[in-house]
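The opening residue of the sequence shown carries number 707 in our numbering; numbering runs sequentially from there. Shown next, in structure tokens, is the structure this report addresses.
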Amino acid sequence: MMTLATLALLISFACPQDDSLRLIYAPNSRVHVATPGAPSPGYFLISSIDPDSIGFIDNAGVLVHAIQTGPTTNLEPTPYGGVTYFNGNLQKYVLLDDRLNPIDTFGTHAPYKTDFHEGYQERGRRFIVIGTEDRQKDMSMEIPGGDPYAILIGAVIQEFDRYGRKTFEWKSIDHVGPNESTDDVDVRNKRIDYIHVNSVVEDVDDNFLVSCRNTDQVIKINRKTGAIMWRLGGKAAKRSDFTIIGDDVNGFSGFSHQHSVFRARNGDIMMFDNGNLRPYPFSRAVSYKLDEKKMIATKQWEFQPQQKQFAPTMGSVQELFDGNILIGWGSTPTGLVATEVDRSNTIHAEIRTDVPLIIPYRVRKATAGMTGYRRTIDSAGSYNFAWYDSTTKARVDVQQVYSPTTVVIERHPYQPHNLLFFTDVPCLIYPTRWTVRAGDPTAIDASLRLDVSRLIGNIEMQDVELFHRAIEGDEPFSAVDATVLPNSNTFVISPIRYGEYMIATKYCQEPALTRPMNRSDVASRSVDLSWTTALGADGYEIEVSTEPDFKTTQVFMRTQLADTVISGLHPNTTYYWHVRVVRHPESGPWTVTWSFETESLTSVDEDINPLSETVFLDGSILRCRGFGPESTVRVTDILGRVSAETNVNNNGVDLSEISRGILFVTVHEPNGTVTCRTIINP
């Protein structure tokens, strides 16, 4: 664990380009999501979506967030709404909070190297992480042709509390030998990856379930003693305590080179079975019911796509909170990234890509960055779609149930994608959208309530419109003829309509210029420009020019405030300015253009700063430090006459031939200006 200051410093060194951790809106995901059923609420978490980014993808296949992290893998949700991921530059895991801000790092304690295969935050704010150790072993005593100075690559499992104190440690070399490696592992090598642990989870009794890929085993470790309580192995495993029943394909029983092992809520052991050592390899998700008295493992469930897949490496399985199963297909070369199914093998979502580089180690799903809830509807009544303190602000009132079904409602804090309208385009679209899905849309008679109280600000409900489209992210929106509950900000849609909802308003107050008054005189080298605020503004853009048609621009800037100060103005000059509102992702129209005129200077403006550390005299040479090569420097006298003008460079500006007196130095940058005052040979 480390301080936030250290964390920020490390991340800045680890990340490319702008040397920071960036959360960016990224509308193009390069993956395609089909949702033939009712997928669980949440975003699909994919690492890496680019070589240097992790991605959050919604059910429409849109990359809602991309976090630029540098080389990374193993993106995992936390129990507290955040995520963790392994940063390849740091060689540590980074913990993000529920707003996706980095708050900590963690990894194995020295001398062990942190392994990307497993690291996450557990309930109780504990951390579990895998590391590796190198230990020399004389393999010539174990097998013919073995290296007497071989290095075993062992696994180290560590657990820490929230303060970074180690509470558990287990070393594989002390408990599992290289004689248990499967036959495809060459134990005559100099370095032997003999066990290759790729997942560790707590079991229901607080002991640990560990997936060992290179021994084809799942082992259970006693938390208190570190002893191995049992081994569950497939056909190719050298050692197993269980007999596998009901899972024989071409004489091969069980699993091989598995990933992502855990105890499902029904008690089964579930995993992603890569299937490497089968005579005819294929990959799948599979679960087994264990009889730990008779030591029998009985296959209970499996899923394979219609087109068989084989992922020689990577892969994942996740049991979602509503019972659906999310399967990540690892390194399969077919473009299939993930499938979300239920226990009856009905497909609810499928992710595909045509980009070869998108091969995620794992695919997860979580409601990080949004709110969503799924409820089973089996009787009449009111169903609120909230989970603890997270709410979708939605309620379903059920009048009649023809057959039990599930309803999923999500609320996302941004505008819908692919905005199209059958009606006139509204002036302001609020940064909120809902999706409403049902397993069987004909199973219930119901109405839907959407509470927009905290979303619309001071706008009256009569000025707010509700829009709907049947397919998320596709086809145009239509206005909904919804009723509004008396004395409330709640829409009622009866009967319920499934699909995507958004709210907007036709009432759209645009900014209006207020100061300085049009055609006024300004007696200073700086001016305070102000305007009225606009409804739903993300910011404002200001443009200042000496030409009324703005063919050239002296200032172009963006601010979130309703005023700004422009410095470095020239005397006896007419300036034109206007403002426009920014509502993500577009800008509105420019306001009317106003002008002001600066007066001729007869004295030094005391508002202008003297020379500083960034603009200074070196003898008779004026030097500018800390400005980009695109910046320009201009030297003027008290009457506004230009004495020198050039690009900022290392040579500076020679003032030896310039007339004595008070000079003004203005450095123009793309994002603004810096103006200073100096006196040359007074």
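Beta carbons: idealized from backbone N, C-alpha and C, even for Gly.
With 16 as the cutoff for other CB atoms within 10 Å, does Met977 come out buried or exposed? Translated into positions along the sequence shown, residue 977 becomes position 271. Under this definition Met977 is a buried residue.
Return the bridge partner residues of Glu1116 from the DSSP annotation. Start at 1 with the first residue of the sequence shown, and residue 1116 comes out as number 410. Partner residues in the beta bridge of Glu1116, as assigned by DSSP, are Gly1078 and Thr1141.
What is the residue span of the beta strand (DSSP E) that Cys918 lies within? Here residue 918 refers to the residue found at position 212 when the sequence shown is read from its first residue. Unbroken beta strand (DSSP E) run through Cys918: Phe914 to Cys918.
Relative to the alpha-carbon of Thr1270, which residue among Gly787, Pro1062, Asp1234 and Val924 has its alpha-carbon at the smallest distance? Within the sequence shown, residue 1270 is the residue found at index 564, counting from 1. Of Gly787, Pro1062, Asp1234 and Val924, the residue nearest in Cα terms is Asp1234.
Could you check the C-alpha separation between Ala744 and Gln1012 for me, to the nearest Å? For the purposes of this step, residue 744 is taken as the residue at position 38 of the sequence shown. For the purposes of this step, residue 1012 is taken as the residue at position 306 of the sequence shown. The straight-line gap from Cα to Cα measures roughly 20 Å.
State the DSSP-derived secondary structure class of Glu839, mapped to helix, strand or coil. To locate residue 839, count along the sequence shown from 1; it is residue 133. Correct three-state label for Glu839: strand.
Once you ignore the five residues that flank Met847 on each side, which residues in its own chain have a CB closer than 7 Å to its CB? For this step, residue 847 is matched to residue 141 along the sequence shown. Cβ neighbours of Met847 within its own chain (closer than 7 Å, five residues either side excluded): none.
Own chain partners of Asn972 with C-beta closer than 6 Å, once the 5 adjacent residues on each side are dropped: Against the sequence shown, residue 972 aligns to sequence position 266. Excluding sequence positions up to five before and after Asn972, its CB lies less than 6 Å from no other CB in the same chain.
Asn982: which of Met1208, Gly940, Pro1254 and Ile1057 sits nearest, CA to CA? Stepping through the sequence shown from its first residue, residue 982 is reached at position 276. Of Met1208, Gly940, Pro1254 and Ile1057, the residue nearest in Cα terms is Gly940.
Going by alpha carbons, who is nearest to Thr778 out of Ser1362, Ile1002 and Ser754? Taking the first residue of the sequence shown as position 1, residue 778 is located at position 72. Minimum Cα distance to Thr778 is reached at Ser754.
On the CB-based measure, 16 or more other CB atoms within 10 Å of its CB, does Asp844 come out buried or exposed? Here the question's residue 844 lines up with position 138 in the sequence shown. It counts as exposed.
Rounding to the nearest angstrom, what Cα-Cα distance links Ala1017 and Val1104 in this structure? Residue numbering aside, residue 1017 sits at position 311 when the sequence shown is read from its first letter. Residue numbering aside, residue 1104 sits at position 398 when the sequence shown is read from its first letter. Inter-residue distance for Ala1017 and Val1104 is about 44 Å (C-alpha atoms, whole angstroms).
If you scan the stretch 1145–1227 from start to end, which runs of the beta strand (DSSP E) of 3 or more residues do you find wholly inside it? Entirely contained in the stretch 1145–1227, the beta strand (DSSP E) runs reaching 3 residues are, in chain order, 1150–1157, 1170–1175, 1196–1199, 1205–1211 and 1219–1221.
Measuring alpha carbon to alpha carbon, tell me which residue in Asp1060, Lys1071, Asn1030 and Ser1037 is nearest Thr1052. Taking the sequence shown and counting its residues from 1, one reaches residue 1052 at position 346. If you compare the alpha carbons of Asp1060, Lys1071, Asn1030 and Ser1037 with that of Thr1052, the shortest gap goes to Asn1030.
Per DSSP, what are the beta-bridge partners of Thr692 in this structure? The chain is shown from 707 up to 1388; residue 692 falls before or after that span and cannot be answered.
Do Gln923 and Ala1389 come within 7 Å of each other at the CB atom, strictly closer than that value? Nothing can be reported for residue 1389: it is not among the residues displayed for the chain, which extend from 707 to 1388.
Would a C-beta distance cut-off of 7 Å place Ile925 and Arg937 closer than the cut-off? To locate residue 925, count along the sequence shown from 1; it is residue 219. To locate residue 937, count along the sequence shown from 1; it is residue 231. Taking 7 Å as the Cβ cut-off, Ile925 and Arg937 qualify as a contacting pair.
Output the distance between the C-alpha atoms of Phe1370 and Arg1331, rounded to the nearest integer angstrom. As a first step, residue 1370 is located in the sequence shown; it is residue number 664 there, counting from the start. As a first step, residue 1331 is located in the sequence shown; it is residue number 625 there, counting from the start. Cα to Cα, the separation comes out at about 17 Å.
Please tell me whether Gln1006 and Lys995 are closer than 7 Å, where the distance is taken between their beta carbons. Start at 1 with the first residue of the sequence shown, and residue 1006 comes out as number 300. Start at 1 with the first residue of the sequence shown, and residue 995 comes out as number 289. With contacts defined by Cβ atoms closer than 7 Å, Gln1006 and Lys995 form a contacting pair.
Using only the alpha-carbon positions, how far apart do Phe914 and Asp880 sit? Within the sequence shown, residue 914 is the residue found at index 208, counting from 1. Within the sequence shown, residue 880 is the residue found at index 174, counting from 1. Taking the straight line from one Cα to the other gives about 16 Å.
Buried versus exposed call for Lys1099 [16 or more other C-beta atoms within 10 Å across all chains shown]: Start at 1 with the first residue of the sequence shown, and residue 1099 comes out as number 393. Buried.
For Ala1350, the first and last residue of its enclosing beta strand (DSSP E): The count along the sequence shown starts at 1 and reaches residue 1350 at position 644. Per DSSP, the unbroken beta strand (DSSP E) holding Ala1350 starts and ends at Val1348 to Asn1353.
Taking the alpha-carbon positions, what's the Leu1241 to Ser1159 distance? Reading the sequence shown from its first residue, position 535 is the one you call residue 1241. Reading the sequence shown from its first residue, position 453 is the one you call residue 1159. For Leu1241 and Ser1159, the gap between their C-alpha atoms comes out near 16 Å.
Would you decide whether Asn1164 is buried or exposed? Buried here means 16 or more other CB atoms lie within 10 Å of its CB. Within the sequence shown, residue 1164 is the residue found at index 458, counting from 1. Classification for Asn1164: exposed.
How many angstroms separate the CA atom of Gln964 from the CA atom of Ile760? Within the sequence shown, numbered from 1, the residue matching residue 964 stands at position 258. Within the sequence shown, numbered from 1, the residue matching residue 760 stands at position 54. Taking the straight line joining both Cα atoms gives about 24 Å.
Coarse secondary structure for Glu998, derived from DSSP in three states: Here the question's residue 998 lines up with position 292 in the sequence shown. Glu998 sits in coil when the DSSP states are folded into three classes, being neither helix nor strand.
Name the DSSP bridge partner or partners of Trp1046? Here residue 1046 refers to the residue found at position 340 of the sequence shown. According to the sequence provided, residue 1046 is Glu. The question's Trp does not apply to it. Answer by DSSP bridge pairing, in chain order: Leu1032 and Ala1055.
For Val1288 and Ile927, what's the separation of their Cα atoms in angstroms? Reading the sequence shown from its first residue, position 582 is the one you call residue 1288. Reading the sequence shown from its first residue, position 221 is the one you call residue 927. The alpha-carbon separation between Val1288 and Ile927 amounts to approximately 57 Å.
For Gly932, the nearest candidate out of Ile1057, Val862, Thr1238 and Ser946 (CA to CA): Taking the first residue of the sequence shown as 1, we reach residue 932 at position 226. If we check each option's Cα against that of Gly932, Val862 comes out closest.
Which whole-angstrom value describes the C-beta separation of Ala1044 and Val1069, a residue pair presumed to lie in contact below a C-beta threshold of 8 Å? Counting from one through the sequence shown, the residue named residue 1044 turns up at place 338. Counting from one through the sequence shown, the residue named residue 1069 turns up at place 363. Between Ala1044 and Val1069 the beta-carbon gap is near 4 Å, inside 8 Å, which marks them as a contact.
Relative to the alpha-carbon of Val891, which residue among Ile1327, Leu858 and Ile1199 has its alpha-carbon at the smallest distance? Locating residue 891 in the sequence shown gives position 185, counting from the first residue. When each option's Cα is compared against that of Val891, the closest is Leu858.
Determine, for Gly1087, whether the minimum Cβ-Cβ distance to residues of chain D falls below 7 Å. Absent from the structure is chain D; it holds one protein chain and no more.
Candidates Asp1146, Pro1132 and Cys1214: closest to Pro1182 by CA position: Counting from 1 along the sequence shown, the entry for residue 1182 is found at position 476. Of the listed residues, the one whose Cα sits closest to Pro1182 is Pro1132.
Based on DSSP bridge pairs, tell me the residues matched to Asp991. To locate residue 991, count along the sequence shown from 1; it is residue 285. For the sequence presented, residue 991 should be read as Ala rather than Asp. Bridge partners of Ala991: Phe978 and Phe1009.
In this structure, how does DSSP classify Asn1278 when only helix, strand and coil are distinguished? By one-based count along the sequence shown, residue 1278 stands at place 572. Reduced to three states, the DSSP call for Asn1278 is coil.
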